[in-house]
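Undergrad: Per our numbering, the sequence shown starts with residue 62, numbered consecutively.
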Amino acid sequence: QWEKLGLQAPPNTTDNGVHASASPFEGLAERLNWLQGSVDKDPFGAQLLEAGVPEATIRNWSVDPQVPLGGGKKGSLFDQLEDTDLPQCLAKAVELSKLE
62 QWEKLGLQAP PNTTDNGVHA SASPFEGLAE RLNWLQGSVD KDPFGAQLLE
112 AGVPEATIRN WSVDPQVPLG GGKKGSLFDQ LEDTDLPQCL AKAVELSKLE
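What follows is the structure in structure tokens.
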């Protein structure tokens, strides 16, 4: 069937029609970056705003910057939030925003 869809090769584990974000925040970032989404209209974005994370911070974070981690260290924002469920991701994002 892949030929009928005009694909150059059959789908495999790398090239397929499925995408899963590594965290709720990365999902938000993808919606903001690819779909020009609105932070306040996004379910997770609205929760971040309600928790006190400024919209400017959320937008800056959407491109995976190096962020303060405490103790004078910096690291990838996405790495800090990777493999977290929504409650943990939200709590960690709030914690990191206070270090900015």
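The beta-carbon is built from N, C-alpha and C at its ideal position, and this holds for glycine as well.
Name, in chain order, the residues that DSSP records as bridge partners for G131.
TA: G131 pairs with K134.
Undergrad: Let me know the alpha helix (DSSP H) ranges lying completely inside the region 74 to 120, each 4 residues or longer, listed in chain order.
TA: As far as the region 74 to 120 is concerned, its whole alpha helix (DSSP H) runs of at least 4 residues are 85 to 96 and 104 to 111.
Undergrad: Which whole-angstrom value describes the C-beta separation of G113 and V155, a residue pair presumed to lie in contact below a C-beta threshold of 8 Å?
TA: So it is a contact: roughly 6 Å between Cβ atoms.
Undergrad: Does the distance from the C-beta atom of D125 to that of A70 stay below 9 Å?
TA: No, these two residues do not count as a Cβ contact at 9 Å.
Undergrad: Look at the alpha carbon of F105 and the alpha carbon of D146, and state the distance between them as a whole number of angstroms.
TA: Their backbone Cα atoms lie some 11 Å apart in a straight line.
Undergrad: Once you ignore the five residues that flank E143 on each side, which residues in its own chain have a CB closer than 6 Å to its CB?
TA: Correct list, in chain order: A83 and S84.
Undergrad: If we ignore side chains and look at the alpha-carbon of each, how far apart do P72 and K65 end up?
TA: Near 13 Å, if we compare the C-alpha coordinates of K65 and P72.
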